[in-house]
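Everything in the sequence shown is counted per the working numbering, starting at 8 for the first residue and increasing by one. Below you'll find the structure, written out as structure tokens, and then a few comments.
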Amino acid sequence: MMLSYFIYYTMLYEKVKRSLTIIVISDIIRFDMRNERGFTLIEVVISAVIFLIAIAGVLYLFPRGMRSIARTKEQTQAVNLGQEKIEEIRGVAYSSITAGIPSSAPPYKNSALSDTAAGWDLAVSRTVTVQAVDDARDGTGGADSDGDMDDYKKISVTLKWASKGETHEIQLSTILTKR
8 MMLSYFIYYT MLYEKVKRSL TIIVISDIIR FDMRNERGFT LIEVVISAVI FLIAIAGVLY
68 LFPRGMRSIA RTKEQTQAVN LGQEKIEEIR GVAYSSITAG IPSSAPPYKN SALSDTAAGW
128 DLAVSRTVTV QAVDDARDGT GGADSDGDMD DYKKISVTLK WASKGETHEI QLSTILTKR
């Protein structure tokens with residue numbers, strides 16, 4: 008008999024426990040459904056503020072990126088015009104390259120060493136400096152073993168241009184040797 012009471016109470020306990028669990032779960036589900044009516048005004052305002060901050064960051068960075076692209080374009084144009092001048096000087100006979108203007112004008116335009124050139128949409132002042140360099144390996148000055156103080160020439164092209172009220176400058180250099 009005692010065993011039967013124990014089994015009865017155990018089964019009753021399990022039944023009540025199951026019922027309470029179902030009641031608690033259904034209350035949680037009903038509670039969540041009552042709060043699922045939509046966004047509150049505060050949630051909408053906070054979302055709008057976060058969105059506006061993100062848009063403001065993009066709008067702030069966009070013009071800076073455009074200025075950077077324009078500046079890079081100008082530098083590329085200037086370097087191309089400087090490289091063009093260096094290649095032009097390489098086409099002149101080594102003995103004809105002196106500081107200033109070559110002694111014999113080559114058969115192509117812009118024969119002067121320093122000039123103003125126009126690239127795509129940029130006007131650049133190109134100043135060329137030619138330096139005769141005596142190689143130290145064969146001695147220098149009066150102790151030069153081959154007697155030639157003009158072993159190679161250092162060609163420097165200084166490029167200057169103005170853009171949006173600012174003056175910019177780049178210098179390119181190369182070494183020319185006798186052929």
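Each residue gets a CB set at the ideal place from its N, CA and C atoms; glycine is no exception.
Straight-line measurement puts the Cα of Ile-162 at about 10 Å from the Cα of Val-140. Membership of Thr-134 in the beta strand (DSSP E) is indicated by the continuous run 130 to 140.
Separation of Ile-177 and Gln-82 (C-alpha to C-alpha, rounded to the nearest whole angstrom) is 8 Å. In this chain, the alpha helix (DSSP H) harbouring Thr-79 covers 48 to 97. Its Cα nearest to that of Thr-134, the residue Glu-91 stands out among Glu-91, Asp-128, Ala-100, Tyr-159. Here the C-alpha atom of Lys-22 lies approximately 56 Å from the C-alpha atom of Leu-59.
Within the same chain, and ignoring the five residues on either side of Glu-95 in sequence, no residue has its Cβ closer than 6 Å to its Cβ.
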